[in-house]
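Residue numbers (the working numbering), protein chains in the order written: chain L, 5 to 119; chain E, 5 to 119. Think of the CB as a built atom: it goes at the ideal place given N, C-alpha and C, for glycine as much as any other residue. For reference, the structure is listed below as C-alpha cells.
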DNA sequence: TTGACATATTCCGATATCAGCATATACTCT
DNA sequence: AGAGTATATGCTGATATCGGAATATGTCAA
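Below you can see the structure in the form of C-alpha cells.
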C-alpha cells in the first residue's frame, strides 16, 4: 500500500515543494492562473495541475471571474498541519531550554568551580 | 523532475501517514524499535525503514543502548514546518472573521429587509 | 455562431516510493 | 568463539507521482 494520495492528504499535498511555492505566491492575495504562470515561469498545465491538487485538499479556493479563475488561499486547510506540529512544540522549546541550561552551567563553571 | 526526496525534504518526509504515526508514538518519550514494533504492529523492517527516513531529515535522534536503539523526537526538525504554516495563520483567522461577518449580515438581513 | 483567449484535463514515459521478504550487521551473554 | 537477540539494509514488484505536449472545456466578444 503506497502512501495516501496527494489529493486526499494535506500533508502529502504540501510535500511537493512546487505546491508550497504556489501557496507562497498566493499569500499576497488572490491571483488568477495567468498571473501565477507569469510569476512562477512554469508551464500553464503544471500550474493548473498543482492548483487542482491544492483544491482537492481544500488549501485553495477558486472564484471564476469572466474567463479567468482567481485562486486564493484557504488557510483553514493548513490549520491541521499547524495544530499537529504544535503538539511537538515542547520538543524544540525544551531543546532551547536545555541549551540555555547548559550555557548557564558553563558560565557558572568558568566563574569559579573547576568541576 | 520528481518531487524532492523524502530523505531530504522534511515536508515530504511527513507526507507519509505512517511516519506521522511513528512520531505520534514517540511523543510520549524515547522508545526502542521493538517497543515501537509492538505498539504499531508493523513489520520490524518497515519500522526501521521509516525511522531511517525520519533520521535522514533530523526528525528523530538515536541513542544506542546495548543492542537496543532508542529513538527520540528532535523537535527542532518540525519547527520549520510550524514556522511555515504560521505565515498563513492570518488566513484562518481572517476566515473566521469572514464567517462571523457573514453571519452578522444574514442576521441583519432577516431582521427587516426581504431583499 | 465563429474565433480567440483562459484554464483544465488526458495521455505519456521516467522516476520515487512503498510493503514484504530475505539477509546482513551489531551487540550481548555464556 | 558461538548462539541468540535487536536492528538495519538490499532486492523486487506494484503503484503514485511528476513534467511535458496535446487536447478538451469554457467564456467572452463581435
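Buried or exposed by the 16-neighbour rule on C-beta atoms within 10 Å, applied to residue i
i: residue 11 (chain E); result: exposed
i: residue 85 (chain E); result: buried
i: residue 94 (chain L); result: exposed
i: residue 45 (chain L); result: exposed
i: residue 33 (chain L); result: exposed
Presumed contact (8 Å Cβ cut-off) between residue i and residue j, rounded CB distance
i: residue 42 (chain E); j: residue 21 (chain L); result: Rounded, the Cβ-Cβ distance is 36 Å, inconsistent with contact.
i: residue 36 (chain E); j: residue 72 (chain E); result: 4 Å
i: residue 31 (chain L); j: residue 91 (chain E); result: 7 Å
i: residue 83 (chain L); j: residue 88 (chain E); result: Contact flag wrong, Cβ pair sits at about 13 Å.
Beta carbon of residue i nearer than 9 Å to that of residue j
i: residue 55 (chain E); j: residue 66 (chain E); result: yes
i: residue 57 (chain L); j: residue 23 (chain L); result: yes
i: residue 64 (chain E); j: residue 76 (chain E); result: yes
Unbroken beta strand (DSSP E) run spanning residue i, endpoints
i: residue 72 (chain E); result: 72-77
i: residue 67 (chain L); result: 64-69
Helix, strand or coil at residue i [DSSP, three-state]
i: residue 57 (chain E); result: helix
i: residue 118 (chain E); result: With a pLDDT of 34 at residue 118 (chain E), under the threshold of 50, the predicted position of this residue should be treated as unreliable, though the coordinate-derived value follows. Three-state DSSP puts residue 118 (chain E) in coil, outside helix and strand.
i: residue 46 (chain E); result: coil
i: residue 20 (chain L); result: coil
Extent of the continuous alpha helix (DSSP H) to which residue i belongs
i: residue 84 (chain L); result: 83-90
i: residue 32 (chain L); result: Run containing residue 32 (chain L): none; DSSP gives neither H nor E here.
i: residue 17 (chain E); result: 14-17
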